[in-house]
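Novice: One line per chain: the protein sequences are F and R, in this order.
In terms of the working numbering, the first sequence opens at residue 123 and continues consecutively.
In terms of the working numbering, the second sequence opens at residue 7 and continues consecutively.
Positions of the beta carbon are idealized from the N, C-alpha and C atoms, including for glycine.
Predicted model only: the values in this text are computed from it and were never measured.
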Amino acid sequence: MNTTVLSTHKLTVGYGRHILFQDLDLKLEKGKLVCFMGPNGVGKSSLIRTLAGLQKSSSGEVTLFSKDEIHRQLAVVLTDRVVGSNMKVGELISIGRYPHLNWTAQLTDADKAAVTDAINKVHLSALLDKDINELSDGQLQMAMIARALAQDTPVILMDEPTAHLDLNNRLEIMKVLLQLTRTMNKAILVSTHELDLALQTADEIWLAGNNKSILRGIPEDLVLNGAFDDVFRFKGFDLRTGKVQHEVRHSIDIELIGQGHELLWTKNALERNGYAVRNDQSSHRIVIKVSEGRTQWHVDDLVTFSSIKEVLEHFAPAVSH
Amino acid sequence: MEFTARKRLIVLPLLLVVLFVLNISLGSVLIPFGDVLSILAGKEGNNPVWFDIVWDFRMTKGLTCVLAGSALAIAGLLMQTLFRNALAGPDVLGLSSGASLAVSLIFMSQASGLQLISSPSPWAVVTAASIGCGLVFIIVLGISHRLNDNTSLLIIGLMIGATASSLVSVLEYLSKAEDQQSFLMWTFGSLGGLNWKELQVLAIALIIAGALAISLTKSLNAWFLGENYSRSLGVNTRLSRVLIILSACLLTGAVTAFCGPIAFVGLAVPHLTKLLIKTNNHRVLIPAVTVAGAALMLFCDIIAQLPGSSYILPINAITALIGAPVVISIIIKAKRITV
Numbered sequence: 123m124n125t126t127v128l129s130t131h132k133l134t135v136g137y138g139r140h141i142l143f144q145d146l147d148l149k150l151e152k153g154k155l156v157c158f159m160g161p162n163g164v165g166k167s168s169l170i171r172t173l174a175g176l177q178k179s180s181s182g183e184v185t186l187f188s189k190d191e192i193h194r195q196l197a198v199v200l201t202d203r204v205v206g207s208n209m210k211v212g213e214l215i216s217i218g219r220y221p222h223l224n225w226t227a228q229l230t231d232a233d234k235a236a237v238t239d240a241i242n243k244v245h246l247s248a249l250l251d252k253d254i255n256e257l258s259d260g261q262l263q264m265a266m267i268a269r270a271l272a273q274d275t276p277v278i279l280m281d282e283p284t285a286h287l288d289l290n291n292r293l294e295i296m297k298v299l300l301q302l303t304r305t306m307n308k309a310i311l312v313s314t315h316e317l318d319l320a321l322q323t324a325d326e327i328w329l330a331g332n333n334k335s336i337l338r339g340i341p342e343d344l345v346l347n348g349a350f351d352d353v354f355r356f357k358g359f360d361l362r363t364g365k366v367q368h369e370v371r372h373s374i375d376i377e378l379i380g381q382g383h384e385l386l387w388t389k390n391a392l393e394r395n396g397y398a399v400r401n402d403q404s405s406h407r408i409v410i411k412v413s414e415g416r417t418q419w420h421v422d423d424l425v426t427f428s429s430i431k432e433v434l435e436h437f438a439p440a441v442s443h
Numbered sequence: 007m008e009f010t011a012r013k014r015l016i017v018l019p020l021l022l023v024v025l026f027v028l029n030i031s032l033g034s035v036l037i038p039f040g041d042v043l044s045i046l047a048g049k050e051g052n053n054p055v056w057f058d059i060v061w062d063f064r065m066t067k068g069l070t071c072v073l074a075g076s077a078l079a080i081a082g083l084l085m086q087t088l089f090r091n092a093l094a095g096p097d098v099l100g101l102s103s104g105a106s107l108a109v110s111l112i113f114m115s116q117a118s119g120l121q122l123i124s125s126p127s128p129w130a131v132v133t134a135a136s137i138g139c140g141l142v143f144i145i146v147l148g149i150s151h152r153l154n155d156n157t158s159l160l161i162i163g164l165m166i167g168a169t170a171s172s173l174v175s176v177l178e179y180l181s182k183a184e185d186q187q188s189f190l191m192w193t194f195g196s197l198g199g200l201n202w203k204e205l206q207v208l209a210i211a212l213i214i215a216g217a218l219a220i221s222l223t224k225s226l227n228a229w230f231l232g233e234n235y236s237r238s239l240g241v242n243t244r245l246s247r248v249l250i251i252l253s254a255c256l257l258t259g260a261v262t263a264f265c266g267p268i269a270f271v272g273l274a275v276p277h278l279t280k281l282l283i284k285t286n287n288h289r290v291l292i293p294a295v296t297v298a299g300a301a302l303m304l305f306c307d308i309i310a311q312l313p314g315s316s317y318i319l320p321i322n323a324i325t326a327l328i329g330a331p332v333v334i335s336i337i338i339k340a341k342r343i344t345v
């Protein structure tokens, strides 16, 4: 069965002579979440607008795999700011039904059901009667996503829907999007800067980088073959371990013994402060013991501390000499 | 599930009826309220002169208020929606100045040696005002295509308005005193000078432009989200922009031609209406501002004729006197103003 819902053939994106992407052959498939990543200014928004038919392509074509009109097949969430008042969340979301309505913009029962459905999908029913200028950034973004859902299209394109949101909201949005691909079989393209979230949720990554091309692949392959490093040129961040690389600044090396989160975060604290942490014989040794809900750090079998801060303070004077 | 408060819609028509009857009962000649009602019911009344006053003077003036107020309110709403700017309005973007320039050309062309028209007919004045209005709007629109920034656009609208006004001044300087006089009276604004024939013209313009606005309900609602979103929802933004402008020009042009450049009604009524009916759905808003505009104009006219005296103040002074404090108070209360 053909699951492709949108494809491009030799698509070139840009403004006049200024070309951002050249000869792209891309496709979006049903039930797949694609994260579109790349440095700022590379042209992600332009590509999304071109795919959505809002901007003319320089050459090449975008094909939707159904004969229906584009606005019944493809919905967008853009970075364009929506400001104003006197519009309730419910009203905003129902605007998504417009491609299905006649000129009077009167909602039928089926339309109202679609709106309610979209609202429930993003858990906004409590805010239905709020004016949109009373919403937080995250809630407004959710409402815009619900508006796109109400449009009831097989394809949804989103331009940085998680920008300017806190971690919780970013996570929530990505979870909702992933769910939509799974439960409603939608094809969703999301441009984002959230590397960690994209790596953990995307079915496929489009990586915009050098040579006006887009590299496609599943997240894990792109991590291991170094494609991300080429594009983003990380400074002191090791994508394979998912951690920031710290320089060893002190002559002291420490053997760390323990388990679980306690081990992980103690190691993090020590490395962040410039100590080398090893698994074998070192000049110092820390044993982490957890008993009856209390965590203790035994340093060199001599002293015992009840917080990581104290451990760091213990080593600090030794270093300053 | 309905997202608009329908109950509040009944307030405006009631207000309109009350103000209309009040408007007709008050004037420089004191006619007892009971007689006004019986004359309105078609009876002769106690004094045959009263019958003529009510039907040929007060009724035409009342209806002019209704038509002009409605038209300006719709035009203001259309422009605030299109530009997504709370300060947009027929008089702010230079539309009225454009109409003034065109009308002053008609009135004063004789003096400046360009005899455009021998005796200004109502249709000629309406056409001139609409064209003047339309030209300004086309210039503003052409620039809006390049700028994409509402604040700059608003400033450009003001500059175009200033240019048109200064051209009017030049014409005034060159023209004869009696031509100036009729133009000056026109700029004060007047709701009382229309006969039934002229009222018909105004009504037809309002009906055509109003119907056009109502047919654009969907586009107008979608404009709230801006051009990109509107297009993604299947709105032909290019066409709807032109039609919205056409409707606004026709409305402003017709009113300005007959009643002079009436300020503030177009700007204030949409805000006042949204204070009462908190929606952005133009299916509700267009009828609501139509009624609210008519009501506000009737109210201003009642004040203008200074009940109990024989003076009639220029309507333009009254609309600004009432409109400006209202807009100021809205902004202070809401800390900001949005469309």
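Roughly how many whole angstroms lie between the Cα atoms of residue 254/R and residue 175/F?
Specialist: 30 Å
Novice: Taking just the CA atoms, how far does residue 109/R sit from residue 164/R?
Specialist: Using only the alpha carbons, I get a separation of about 19 Å.
Novice: Keeping to the same chain, check which residues put their C-beta closer than 8 Å to that of residue 275/R; ignore five residues upstream and five downstream.
Specialist: 75, 78, 79, 82, 83, 295, 298, 299 and 302
Novice: Residues of chain F with CB closer than 7 Å to the CB of residue 230/R, please, in chain order.
Specialist: 206 and 209
Novice: DSSP state of residue 416/F, grouped into three classes?
Specialist: Correct three-state label for residue 416/F: strand.
Novice: Measuring alpha carbon to alpha carbon, tell me which of 37/R, 280/R, 43/R and 63/R ends up nearest residue 53/R.
Specialist: 37/R
Novice: Give a yes or no on whether the C-beta atoms belonging to residue 128/F and residue 173/F are separated by under 8 Å.
Specialist: In terms of Cβ geometry, residue 128/F and residue 173/F form a close pair [threshold 8 Å].
Novice: Three or more C-beta pairs closer than 8 Å, one from the region 215-227 of chain R and one from the region 237-254 of chain R: is that the case here?
Specialist: yes
Novice: Touching or not, the region 264-281 of chain F and the region 322-333 of chain F, by the rule of three or more beta carbon pairs under 8 Å?
Specialist: no
Novice: Rounded to whole angstroms, what is the Cα-Cα separation between residue 377/F and residue 323/F?
Specialist: Cα to Cα, residue 377/F sits roughly 35 Å from residue 323/F.
Novice: Mind checking whether residue 201/R and residue 200/F have CB atoms under 8 Å apart?
Specialist: no
Novice: Strictly under 8 Å for the Cβ-Cβ distance: is residue 131/F near chain R by that measure?
Specialist: no
Novice: Rounded to whole angstroms, what is the Cα-Cα separation between residue 322/R and residue 306/R?
Specialist: Distance from the CA of residue 322/R to the CA of residue 306/R, rounded to the nearest whole angstrom, comes to 9 Å.
Novice: Which residues in the same chain as residue 319/R place their Cβ atom closer than 7 Å to its Cβ, once the five residues preceding and following it in sequence are excluded?
Specialist: 310 and 312
Novice: Around the C-beta of residue 193/F, are 16 or more other C-beta atoms found within 10 angstroms, so that it is buried, or is it exposed?
Specialist: buried
Novice: Out of curiosity, what's the CA-to-CA distance linking residue 435/F and residue 298/F?
Specialist: Residue 435/F and residue 298/F have their C-alpha atoms some 43 Å from each other.
Novice: Alpha carbon to alpha carbon, how far is residue 233/F from residue 189/F?
Specialist: 22 Å
Novice: My understanding is that residue 64/R touches residue 33/R, with C-beta atoms under 8 Å, so please give their C-beta distance in whole angstroms.
Specialist: 6 Å
Novice: Any beta-carbon of chain R closer than 8 Å to the one on residue 174/F?
Specialist: yes
Novice: At the level of alpha carbons, what is the spacing between residue 19/R and residue 277/R?
Specialist: Approximately 17 Å between the Cα atoms of the pair.
Novice: Counting only runs of 4+ residues fully inside the region 198-241 of chain R, write out the alpha helix (DSSP H) ranges in chain order.
Specialist: 202-221, 223-229 and 233-238
Novice: If you draw a straight line from the alpha carbon of residue 42/R to that of residue 58/R, how long is it in whole angstroms?
Specialist: Cα-Cα distance, rounded: 11 Å.
Novice: What residue range is occupied by the uninterrupted alpha helix (DSSP H) comprising residue 148/F?
Specialist: Element bounds for residue 148/F: n/a, residue is neither H nor E.
Novice: Counting Cβ pairs closer than 8 Å, one from the region 271-283 of chain F and one from the region 213-233 of chain F, do we hit at least three?
Specialist: The region 271-283 of chain F makes contact with the region 213-233 of chain F: 3 or more CB pairs, one atom from each, lie closer than 8 Å.
Novice: Along chain R, in chain order, which residues have C-beta atoms closer than 7 Å to that of residue 221/F?
Specialist: Here the neighbours are 239 and 240.
Novice: Taking C-alpha atoms, which residue in 148/R, 213/R, 147/R and 17/R lies nearest to residue 73/R?
Specialist: 213/R
Novice: Would you check if there are 3 or more beta carbon pairs closer than 8 Å linking the region 147-157 of chain F to the region 299-314 of chain F?
Specialist: yes
Novice: Under 8 Å between C-beta atoms, does residue 197/F make it to chain R?
Specialist: yes
Novice: Which same chain residues, not among the five before or five after residue 185/F, have their C-beta less than 8 Å away from its C-beta?
Specialist: 128, 129, 130 and 131
Novice: By the 10 Å Cβ neighbour count, where 16 or more other Cβ atoms means buried, how is residue 287/R classified, buried or exposed?
Specialist: With 16 or more neighbouring CB atoms inside 10 Å of its own CB, residue 287/R falls in the buried class.
Novice: Would you report the Cα separation of residue 326/R and residue 272/R, rounded to the nearest angstrom?
Specialist: 11 Å
Novice: Given this structure, state the Cα-to-Cα distance separating residue 219/F from residue 243/F, to the nearest angstrom.
Specialist: 16 Å
Novice: By Cβ distance, which residues of its chain are closer than 6 Å to residue 142/R, with the 5 residues on each side in sequence left out?
Specialist: The beta carbon of residue 142/R lies closer than 6 Å to those of 100, 101, 104 and 166 in the same chain, with the five residues before and after it left out.
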